[in-house]
Amino acid sequence: MPVLTTTEIMALIPNRYPILYMDYVEEMVPDESIVAVKNVTINEQFFQGHFPGNPVMPGVLIIESLAQAASILILSSPQFKGKTAYMTGIDNAKFKKMVVPGDVLKLHVSFGKLRSNMGSVIVEAKVDGKTATSAELMFVVSPDETE
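Just add 304 to wherever you are in the sequence shown, counting from 1, and you've got this note's numbering.
The structure is reproduced here in structure tokens:
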């Protein structure tokens, strides 16, 4: 049973199709960690060109998926509710396994350092329990535009 459905995710983050890379949130411990799920299907538009005859999910989109999961965790924190989170940097990105159609991508995110309106998250994308991608993402949370 999902903790958050796609509709609930869209209420938290601004991403929409075709750049919403998340199907549901499986687990969440507010202010601590999240596990979100992306079902990778052959219908993804990026597979048309990456690569014909050998479809592979681009690494940059795996990082984007992890950043979206991180945004959900960050914006679920009481101090950041109603704000927008932006990725400001990526450290130690490692790509260890190709992600292909049919894979279930589990997006693991936990808070790293946090101070005021900025911080870092430790992220890992797994397929069948094996690490496909890992990194540390830095972020800043902007004030609400209406404030």
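Cβ atoms here follow ideal geometry from the backbone N, Cα and C, with glycine treated the same way.
None of these values were measured; they are calculated from a predicted model.
Check the C-beta distance from residue i over to residue j and give it rounded, since I have them as a contact under 8 Å.
i, j, result
"T392", "F443", "6 Å"
"I377", "I317", "The sequence given here places Leu at residue 377; Ile does not occur at that position. Not really, about 10 Å apart at Cβ, beyond 8 Å."
The beta strand (DSSP E) spanning residue i covers which residue range?
i, result
"S380", "It is not in any beta strand (DSSP E) - S380 carries neither H nor E in the DSSP assignment."
"I426", "M422 to V431"
"H354", "Segment: none, H354 is in no beta strand (DSSP E) and carries neither H nor E."
"K385", "Here K385 belongs to no beta strand (DSSP E), and DSSP marks it neither H nor E."
"T345", "Segment: none, T345 is in no beta strand (DSSP E) and carries neither H nor E."
"V413", "V408 to R419"
Among the options, which residue has its Cα nearest to the Cα of residue i?
i, options, result
"V360", "A436, R320 and K417", "A436"
Could you tell me if residue i is buried or exposed, where buried requires 16 or more neighbouring beta carbons within 10 angstroms of its beta carbon?
i, result
"S446", "exposed"
"I346", "exposed"
"K410", "buried"
"Y325", "buried"
Within this structure, are the beta carbons of residue i and residue j separated by less than 8 Å?
i, j, result
"A374", "V408", "no"
"K342", "S380", "no"
"V425", "V403", "no"
"D335", "F399", "no"
I'd like the span of the alpha helix (DSSP H) that includes residue i, first residue to last.
i, result
"M314", "T310 to L316"
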